[in-house]
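Notes for the one structure printed next.
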Amino acid sequence: MDLDFNKEQEMLRKSVAEFLSKECPFDDVRELEDSEKGYSPALWKKMAQLGWMEACFPETYGGYGESFFDIIIIMEEIGKKAYPSPFFSTVVLCGQTILEAGSEKQKKDLLGKIAAGKLIMALAQQEVDASFEPADVSMPAELSGDQYVLNGTKMFVQDANVADKLIVAARSSEGVTLFLVDAKDPGISCRKLNTIGKDNICRVDFKDVKVSKDDLIGDDGKGVDILEKMSQRAVVAKCAEMVGGAQESLEMTVSYSKQREQYGTPIGGFQIMQHYMADMKIAYETCANYLYQVAWMVDEGKATVLATSALKAEVSRQYKFITEKGVQIHGGIGTTREFNIGLFYRRAKAFEYVLGDADYHTEKIAQAAGM
Amino acid sequence: MDLDFNKEQEMLRKSVAEFLSKECPFDDVRELEDSEKGYSPALWKKMAQLGWMEACFPETYGGYGESFFDIIIIMEEIGKKAYPSPFFSTVVLCGQTILEAGSEKQKKDLLGKIAAGKLIMALAQQEVDASFEPADVSMPAELSGDQYVLNGTKMFVQDANVADKLIVAARSSEGVTLFLVDAKDPGISCRKLNTIGKDNICRVDFKDVKVSKDDLIGDDGKGVDILEKMSQRAVVAKCAEMVGGAQESLEMTVSYSKQREQYGTPIGGFQIMQHYMADMKIAYETCANYLYQVAWMVDEGKATVLATSALKAEVSRQYKFITEKGVQIHGGIGTTREFNIGLFYRRAKAFEYVLGDADYHTEKIAQAAGM
Amino acid sequence: MDFSLTAEEQAFEKELEVFFEAEMKNAPPEFAGGLEGIYANEEGNNFHKYMAKRLGEKGWIAHAWPKQYGGMEATIMEQMIFDEVRGRYGAPGIDAFGVGMFAPTLLVGATEEQKERLLPPIAKGEVFYCQGWSEPDAGSDLASVTTLAIRDGDHFIVNGQKTWTTGGHYSDHMFLLARTDSDSKRGKGLSVFNVDMSLPGIEVRPLLYMDGNHIYNEVYFKDVKLPAYDLIGEEGKGWDLTRQTMNFERSGQGAYAGMRVIVDELIGYMKNTKRGGKSLADDPINRKKIAQLIIDCEMGTTLGYKIGWYQSKNDAMNIIWSASSSKLLATELAQRLSQYATEIMGSYGQMEDDPEAPMGGHMANLYQFCKGMTIYAGTNEIQRNLIAWVGLGLPRLKFKP
Amino acid sequence: MDFSLTAEEQAFEKELEVFFEAEMKNAPPEFAGGLEGIYANEEGNNFHKYMAKRLGEKGWIAHAWPKQYGGMEATIMEQMIFDEVRGRYGAPGIDAFGVGMFAPTLLVGATEEQKERLLPPIAKGEVFYCQGWSEPDAGSDLASVTTLAIRDGDHFIVNGQKTWTTGGHYSDHMFLLARTDSDSKRGKGLSVFNVDMSLPGIEVRPLLYMDGNHIYNEVYFKDVKLPAYDLIGEEGKGWDLTRQTMNFERSGQGAYAGMRVIVDELIGYMKNTKRGGKSLADDPINRKKIAQLIIDCEMGTTLGYKIGWYQSKNDAMNIIWSASSSKLLATELAQRLSQYATEIMGSYGQMEDDPEAPMGGHMANLYQFCKGMTIYAGTNEIQRNLIAWVGLGLPRLKFKP
């Protein structure tokens, strides 16, 4: 057992942290949130140049790494800085799906471009009924000659508005299947929704969008399996972002409480504030520890549904708890757009919906426990 | 609107309170809990002499009152003193059932005896599967000539061990039906269970117990309706006992916290203790207010399932909360048999099970709200 | 013990229902209600002001005031009925600051001239107020305000900064707490003023809420010349007056009625919505959440009656802790409501104002705005302290600096 | 970052599983585990002492101690594995007071002679301790103990009263905190002693738990003559030594493993039980409760590893707050577990020891006993204070008297 990060990992963390602190301070985050694109193409290029995306894929496919912990570290730092970018959509949701199930050609082509910062992707799974279950995908993909034709609506597709390509889960005669689609296809229309996370969540409509048989990701009808396997990794990566945000929220709150005085004393001296912050610390520390353990399990191929679902359910709950108390301790200033704790309060809620909310994962745990 | 009790009610409250303080201090409560009978026959007689039971029934049937608030006041005071007696089983569960559905003869006979303190009764509804739903009663009552024959097991029958008569819910060919049974019938065996409330909860087995057709309470097959109507009143009465206990728990805790010193200051001065107690006070006050409102609704014939279920669900939750924090604030001494807060901590749990727990009533609320 | 309404009260309730039913048809589409509804945009604020005028015509703004100031001397019970029905319809029109806080302050502490001058415009729904209390370094610890108002003949010259000035950008007047003795400390040397917001030297700057809405403001005073006749109460005795106003601030009736309506709206949404082929209304976890919200609304409503009862008996001590309790219950219920609603809606719960958002996206906004509620008007921590001190008589420890 | 066990560690885990699997067959019927299991009755205590002896033979009691005192110098990791497996089997045999608190104190603060005399019997599982800390007026505020131990030649004469003496009625020795300087105040003038409970003048009186079980005791000292060689550490420096012991007290590994097993037992019960014709295991509300318990066990277990990691690096500051955190998590999980279990069982949840009680009625007992857990060994309020002060560096305010 060795519960420290190694030197290379610490270096990666430091470089990501320094880059984001310098290149995207919180004021820029707010600006990006309010922008139509919701991210900075210039910074995206720099991230690629620094090798962040390369770190996430094996050498064969244009990367140089394969340790899942590198993704965890990058996501944690992204979380700390509340940094908006299509990294999670592109590298994790789509990248891991391709890595899991893509053909050699797709891997070389797509992952190579992602690694080089030249391809942004988005995953379209949820539909109008908002079910998180991959098996509930019902949008039809009808075989017509050599092509599949997609018709229908996908909801809550993050970064569809800025993606070059989409992976779309749709139902063929064989079952749920994943299709690689050009985001600029004229049959596709995309509308960015107004969400609490201000984070490029889109509705995407498909009208007679044609997909060649070569553009299936994985076998026809195998979409549910692929998505579930990908989810194991993606859930952990998203939780890393949340845990990073929780850490930053805790730290900024503790620091504010030491400096802010009321009644002639720092508010962090009041017992009720101390108890709030003690609980916040416990929440953060237990989530972080468990995150690393589950990430290790994923890396070792030992991940279980119970563990990833327990992680997502608890991190969702505790991130909300930490940011809620964080705002409360900040007082009025914490509720404003210009103060940073609010960025995290909003993200805690937004991220709850990514890859299944607490009730969804809670039920998965019960199933995994044999009930 | 008039949210005060009237003079007569205040007098009744005072007389009940004084009687219990004098006749059954907490040390005696502990003794009664450990005794086989679980109550004091001598005090039962005195209660009758003081007219407590008479206060609960109309004049026609041997009483002198009919205000539901008199029952509420008596139950509140019983709750405050953690007083163990078969009052709830006899006067409320069975008394109200008879009042609701008994024949004139049964009312005159049975209620008169109850009012005179000469009859103790118990209601047998739940069965081995522990369902709270009257409609789930499955113990058979087979018609054989002029008689019904009862066979089976009833669980969690409070005071069956000291009752003279039982009202037994069993299933005839017409549906769930209520039977009046002599508790000393040789076909009946009763075993007192070891429970957290130390409160005469029994298992009762019936073997070929014969009941004459005259001893039905209400019509054949109408048991579910009768029990549900009775429950409206009985739930409120039990909640009154719980609210009384909550009040006493709050008061003894506040008073202890003012007097107990640690670190050179009364522990009630520490902010976290103050916040616990503020929440306890809100919990008690809101429960008490709502209790009176629902009691008024019952008295006016306006009671709804939503209101009584909301009351029981919330009072169950808050009584547990108040006593849990009450013990915590007392510290070690609060966990002992000799200190009084523990009596209430145990009762809060025991009473949760009476006439449906929080989950049961929560579901009833959802139904009543049209879901 | 009697919770019934008299025949007159029932008739009044009916009259109000008819009135609000009709008037709410004039609301802008997807009107949000609450502070966000009336201050975040012009349509909402216009509707607020329109409704205030209508209420003023009916005499319902100043319902319980003495007749000489435009009131109708209604009973507390009638006022409660008004609050409850208004809450049920989510109707604006009552200025929380002018009507809810400053008018009672005037009734308690103003001169006859001031009452006659200032109260009737409020009663008619023609003048709107904001609150000039908090400063960057004086939040919960309000007694440490530093804004100065220094007497200069028959004027006071004001310099300083106020913050969290809810609705300041739509207000005609402010009631200001400022230090009239520059050598004074804490509660001493403070005074209360009626301030015309159009005076030269006053600058109102938006302070955006975390969701981007403009509700709050910062208000800067630079050599603002206040006429001395707008000093309310005695010079230097403003702290006592303000502490009374704090209690006016904390009743919050009508909130429960409003939330109960939202719960019903949510139930309707659930019954009409399927996820994974199953009705949201059939999910036992959802049902449990709804039941708890209903319980909370029920408990809060009854507590509201009790506060009214205490008010009708002028039972000051009980009013304080019970009003604090109601502030806690209502604001924590708002948190729970927005939490549960946004959970029940699943991914739709993250949608703010958007054509596809369920319930107008108000629940995602409330999820954010409710965080302000547990902070403003006395943080919930302060309220719990108050309940402990006033309601339970627990000792107030002093700290060594 | 590596959570794996080495081959040796895995083999050790296996060995322990085989051992406990076999030994637990000797447990009395419906053995409850925990403090109630080993102190509430003679059968349980006999089994505890039998198991201690077996563990002593294996060398597992003193696993991590230096070899000269009967230890095996095992790693922290091996100790954690031991705690976890023992917890999983709910096995007794480790004296929480002698092994868990007093032995580490001796290792830190005793003379060579004392270590050689006192440690080996503990290591062999032959001598059992109780804790002589709390007094009626010194609970959380332990520094205010008043029991006196006044030097008289080569003895100390002890007078006073201790309380909450868990297992005092089954203990051979006590480690006592007493005041050796009658003029001293608070942390000064306190000393630690090893006390033979059979000395004349010591009286142990039962202090029944709320469920009627006999776990705690009051211990009265009347002119008890302690030999001076049983003074541990320097005279008058007992407070520093005790504060270190507090940290030994607060690790609580193994608790999560034990509770995880109870959760599985509960799941088994639910799958085999129907209510109103439906399996308890199919009820979504029940499923949610179980899931939350599993989450809590998972989180706690991983925190346990982290504490072990800090211990292995002698990272004192992190050990303090993380051990406090673990005490909070474990005790509040015990509350939640007993709460949920007694809810899921419905009316059966109220049954204590009874032939018809599910899971031996232990959940109704735990529902009561868990209240002690959040109080003893440093109340949960004190633990949260500690986390704030030590873990977050928040200021410690002083009160004016």
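Order-wise, the sequence lines are chains G, U, W and R. Take 0 as the starting number for the first sequence in numbering that gives the first Met the number 0 and just add one per residue. Take 0 as the starting number for the second sequence in numbering that gives the first Met the number 0 and just add one per residue. Take 0 as the starting number for the third sequence in numbering that gives the first Met the number 0 and just add one per residue. Take 0 as the starting number for the fourth sequence in numbering that gives the first Met the number 0 and just add one per residue. Where is the CB? At the ideal position from N, CA and C, for every residue including glycine. Nothing here was measured: the structure is a model prediction, and the numbers come from that model.
Short CB-CB distance (under 8 Å) between residue i and chain R
i	result
Q273(G)	yes
K257(G)	yes
K277(W)	no
P283(W)	yes
Y318(U)	no
Minimum Cβ-Cβ distance from residue i to chain U less than 8 Å
i	result
Y268(R)	no
T373(R)	yes
Q349(R)	yes
Q261(G)	no
F269(G)	yes
Residues that residue i contacts on chain U, provided the C-beta gap is smaller than 8 Å
i	result
Y366(R)	I195, K348
F67(G)	Those within 8 Å of F67(G) in chain U number zero; the least Cβ separation is about 40 Å.
Within-8 Å CB hit, residue i to chain W
i	result
S34(U)	no
Q231(U)	no
E75(U)	no
Residue i: contacting residues in chain W (beta-carbon distance under 8 Å)
i	result
S84(G)	Here the premise fails: no neighbours, minimum Cβ distance about 19 Å.
V253(U)	L391, G392, L393
Short CB-CB distance (under 8 Å) between residue i and chain G
i	result
E248(W)	Annotation note: pLDDT 48 at E248(W) (below 50); position unreliable, coordinate value reported separately. It does not; no Cβ of chain G falls within 8 Å.
F205(U)	no
M0(R)	yes
Q95(U)	no
Chain U contact residues for residue i, given Cβ-Cβ distances below 7 Å
i	result
A63(W)	Within chain U, no residue comes near A63(W); the closest Cβ sits about 16 Å away, beyond 7 Å.
Proximal chain W residues relative to residue i, where beta-carbon distance stays under 9 Å
i	result
I340(U)	Those within 9 Å of I340(U) in chain W number zero; the least Cβ separation is about 16 Å.
N356(G)	According to the sequence as given, residue 356(G) is Asp; it is not Asn. Result: E342, G345, S346, G348.
7 Å Cβ cut-off: residues of chain G touching residue i
i	result
M76(R)	M0
F56(U)	By Cβ distance, chain G contributes nothing, its closest Cβ being about 49 Å from F56(U), past 7 Å.
Under 8 Å from the C-beta of residue i: neighbouring residues of chain R
i	result
N288(G)	M298, T301, L302, Y304, K305
Listed by chain order, chain W residues near residue i by CB distance under 7 Å
i	result
L396(R)	F398
Inter-residue CB distance, residue i and residue j (contact presumed, cutoff 8 Å)
i	j	result
M52(U)	V90(U)	6 Å
A245(G)	E297(R)	No, A245(G) and E297(R) are not in contact; Cβ-Cβ is about 17 Å, not under 8 Å.
Amino acids of chain R, ordered along the chain, whose beta-carbon sits closer than 7 Å to that of residue i
i	result
V326(U)	K370
heavy atom of the ligand GTP below 7 Å from residue i C-beta
i	result
D214(G)	Looking for the ligand GTP in the displayed structure turns up nothing, as the structure carries no ligands at all.
CB contact check: residue i to chain B, cutoff 8 Å
i	result
I201(R)	Judged by its chain identifiers, the structure shown contains no chain B, and its protein chains are G, U, W and R.
Segment contact flag, the segment 322-339 of chain G with the segment 255-271 of chain G, C-beta cutoff 8 Å, min 3 pairs: Yes, the segment 322-339 of chain G touches the segment 255-271 of chain G.
Is it the case that the segment 182-200 of chain G contacts the segment 352-363 of chain W, given that we only count it when at least three CB pairs across the two stretches are under 8 Å? Output reads yes: the segment 182-200 of chain G touches the segment 352-363 of chain W.
Touching by the beta-carbon criterion (3+ pairs, under 8 Å), the segment 143-163 of chain U and the segment 34-45 of chain U: Taking a cut-off of 8 Å for Cβ pairs, the segment 143-163 of chain U and the segment 34-45 of chain U touch, as three or more such pairs fall below it.
Hey, is the segment 346-355 of chain U in contact with the segment 315-331 of chain U, meaning 3+ C-beta pairs nearer than 8 Å? Yes: at least three Cβ pairs fall under 8 Å.
I want to know whether the segment 102-118 of chain R touches the segment 274-285 of chain R - three or more CB-CB distances under 8 Å. The segment 102-118 of chain R vs the segment 274-285 of chain R: no contact.
List in chain order: all unbroken beta strand (DSSP E) runs of 3+ residues lying wholly within the segment 94-161 of chain R. As far as the segment 94-161 of chain R is concerned, its whole beta strand (DSSP E) runs of at least 3 residues are 128-131, 147-151, 154-161.
If you pair each beta-carbon of the segment 185-195 of chain R with each one of the segment 266-273 of chain R, do three or more pairs fall below 8 Å? No: fewer than three Cβ pairs fall under 8 Å.
Between the segment 129-138 of chain U and the segment 82-98 of chain U, are three or more C-beta pairs nearer than 8 Å? As far as the Cβ criterion goes, the segment 129-138 of chain U does not touch the segment 82-98 of chain U, which means the pair count is below three.
Any 3 or more C-beta pairs closer than 8 Å across the segment 68-77 of chain G and the segment 222-231 of chain G: Contact fails between the segment 68-77 of chain G and the segment 222-231 of chain G, because fewer than three Cβ pairs, one in each stretch, are under 8 Å apart.
So does the segment 358-367 of chain U actually touch the segment 203-213 of chain U, counting three or more Cβ pairs closer than 8 Å? No contact exists between the segment 358-367 of chain U and the segment 203-213 of chain U.
Are the segment 321-328 of chain R and the segment 218-237 of chain R touching by the rule of at least three beta carbon pairs closer than 8 Å? With a cut-off of 8 Å, the segment 218-237 of chain R and the segment 321-328 of chain R do not count as touching, because too few Cβ pairs lie within range.
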